[in-house]
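Sequences listed follow chains A and B, in order.
The letter at position 122 of the first sequence is residue 1222 when you use my numbering, and the numbering goes up by one with no holes.
The letter at position 98 of the second sequence is residue 1198 when you use my numbering, and the numbering goes up by one with no holes.
One structure is given here, and the rest of the page talks about it.
Number of protein chains: 2
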Amino acid sequence: MDFFDVVTTQRAMRRLKTDAIPDDVLKKIMDTAICAPSGGNRQNWSFVVVRDQARRARLGELYREAWGELMKVPYYAGATKEPADSPAGKMLASARHLGEHLGEAPVIVLACVTLDPGVRVSLTTGASIYPAVQNIMLAARALGIGSCLTTIHRFRDAQVKELLGIPADVETAALIPLGYPLGRFGRPPRRSVGEVAFADRWGRALGSL
Amino acid sequence: MDFFDVVTTQRAMRRLKTDAIPDDVLKKIMDTAICAPSGGNRQNWSFVVVRDQARRARLGELYREAWGELMKVPYYAGATKEPADSPAGKMLASARHLGEHLGEAPVIVLACVTLDPGVRVSLTTGASIYPAVQNIMLAARALGIGSCLTTIHRFRDAQVKELLGIPADVETAALIPLGYPLGRFGRPPRRSVGEVAFADRWGRALGSL
Chain A
1101 MDFFDVVTTQ RAMRRLKTDA IPDDVLKKIM DTAICAPSGG NRQNWSFVVV
1151 RDQARRARLG ELYREAWGEL MKVPYYAGAT KEPADSPAGK MLASARHLGE
1201 HLGEAPVIVL ACVTLDPGVR VSLTTGASIY PAVQNIMLAA RALGIGSCLT
1251 TIHRFRDAQV KELLGIPADV ETAALIPLGY PLGRFGRPPR RSVGEVAFAD
1301 RWGRALGSL
Chain B
1101 MDFFDVVTTQ RAMRRLKTDA IPDDVLKKIM DTAICAPSGG NRQNWSFVVV
1151 RDQARRARLG ELYREAWGEL MKVPYYAGAT KEPADSPAGK MLASARHLGE
1201 HLGEAPVIVL ACVTLDPGVR VSLTTGASIY PAVQNIMLAA RALGIGSCLT
1251 TIHRFRDAQV KELLGIPADV ETAALIPLGY PLGRFGRPPR RSVGEVAFAD
1301 RWGRALGSL
């Protein structure tokens, strides 16, 4: 597929079929993940590829609990009052579906980042793992597989880490369910470049761009 | 270009020509950035696209100072003792070149993320900005433009924010110099998937993948 056709139609696919993903397809996705950059090319990333049914089911239970916690957060609690056919309402319905069915995705990848000794986690820790997460989702889309990026498993982080044997000095950065999509790929709803990009300093319109 | 040809040959290009990037090319890169996901699709991102020569020069000065700070960090100080033709040695030489020449890149993008009121910055804040940063670098590569992701400007964060008028509640997540490359694109040096991905739980070999 053409690069721009892939990258401009990768949207969060939260309704997934339970059909298995062939090994060679999954391998291609993970091979793409590791082409991403990381700070100092340290590649301090790890990916737990969960296919075992019992572990996926348990992840699904923990994720359902995490979803319940998320709904107590004001932004999301507020979204429940939006009309069901508004963008926020649709997103919430889709996210709720994932909240109830995550464990049914045939593959769930937990993306992790190991901290250097003595280094505290910060915003820029994410610069060494989320590019790889984005590569996973883009490669999946190129191969016709739906995915999304979720971090709310961290409401049950201790349990997730125990379930998958994650060491104490490793941070769980994202959970990425993968599966053939029930919906269709398409350009995601976004504000325009002109609304979020500035020329030379904050607040100055880009103009010709 | 084919998706996988782009994504598997995007490596950090730190030696860049000073030739200008046409507006339509830059627009396509930024249009790709905003297709990335963000938490709850809040799109709490902003991108300051710096083309003004004086501001780039000042960013270059600040970046040179930041590079000096980085060289005091043990990991990087240690890398200076590696042979010049080793992977670490080559990376260091390339990063040093950027340390001295960042301001000469024709475009420098500062990717920012605005925190929700009352929310503290964390690892997962990065999930709402680094996927967009990765999209910028991939789109650039698809269009023959080199880039890299650097976060060391944060050694001079207050000065960078002042120079570009960044508000207090906005975090600067990455600096991305863009320019036609002096070197060639190619598969980046990485450990294999088998070394960084596990099956079902930490430490268990993926086997068939």
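Every residue, glycine too, gets a C-beta built ideally from N, C-alpha and C.
_Taking CB distances under 8 Å as the criterion, tell me whether residue 1118(B) reaches chain A._
no
*asked:* For a quick check, are the C-beta atoms of residue 1270(B) and residue 1225(B) less than 8 Å apart?
replied: No, these two residues do not count as a Cβ contact at 8 Å.
*Which residues does DSSP pair with residue 1145(B) in a beta bridge?*
Partner(s): 1213(B).
_Residue nearest to residue 1297(A) in terms of C-alpha spacing, selected from 1113(B), 1114(B), 1131(B), 1115(B)_ = Ranking 1113(B), 1114(B), 1131(B), 1115(B) by CA distance to the CA of residue 1297(A) puts 1131(B) first.
*Just curious, the alpha helix (DSSP H) that residue 1263(B) is in, first and last residue?*
1257 to 1264
*Give every residue of the same chain whose Cβ lies closer than 8 Å to the Cβ of residue 1125(A), excluding the five residues on either side of it in the sequence, and list them in chain order.*
1243, 1245
_When 1113(A), 1170(A), 1103(A) are compared against residue 1190(A), the one with the closest alpha-carbon_ = 1113(A)
*asked:* Just to make sure I have the definition right: I need the residues of chain A whose C-beta is within less than 9 Å of the C-beta of residue 1127(B). Which are they?
replied: 1293, 1306, 1308, 1309
*asked:* To the nearest angstrom, how far is the alpha carbon of residue 1277(B) from that of residue 1228(B)?
replied: 20 Å
*Please report how far the alpha carbon of residue 1275(A) lies from the alpha carbon of residue 1117(A), in whole angstroms.*
17 Å
*Could you tell me which residues DSSP pairs with residue 1250(A) in its beta bridges?*
1275(A)
*Using a C-beta to C-beta distance shorter than 8 Å, which residues of chain B count as neighbours of residue 1264(A)?*
1300, 1301, 1302
*Kindly provide the ranges of any alpha helix (DSSP H) runs that are 4 or more residues long and lie completely inside the region 1150 to 1178 of chain A, ordered along the chain.*
1153 to 1170
*Does DSSP classify residue 1125(A) as helix, strand or coil?*
helix
*According to the neighbour-count rule (16 or more other Cβ atoms, all chains shown, within 10 Å of its Cβ), is residue 1203(B) buried or exposed?*
buried
_Bridge-paired residues (DSSP) for residue 1103(A)_ = Under the DSSP definition of a beta bridge, residue 1103(A) lacks any partner.
_Nearest by alpha-carbon distance to residue 1294(B): which of 1221(B), 1137(B), 1309(B) is it?_
Of 1221(B), 1137(B), 1309(B), the residue nearest in Cα terms is 1309(B).
_Three-state secondary structure assigned by DSSP to residue 1236(B)_ = helix
_Could you tell me the alpha carbon to alpha carbon distance between residue 1147(A) and residue 1209(A), rounded to whole angstroms?_
Each residue's CA atom was taken as its position, placing residue 1147(A) and residue 1209(A) some 6 Å apart.
*asked:* Quick check: what's the CA-CA separation for residue 1292(A) versus residue 1134(B)?
replied: 8 Å
*Residues near residue 1137(A) in its chain [Cβ-Cβ closer than 7 Å; skip 5 each side]*: 1231
*chain A beta carbons: is any one of them nearer than 8 Å to that of residue 1216(B)?*
Yes - at least one Cβ of chain A is within 8 Å of the one on residue 1216(B).
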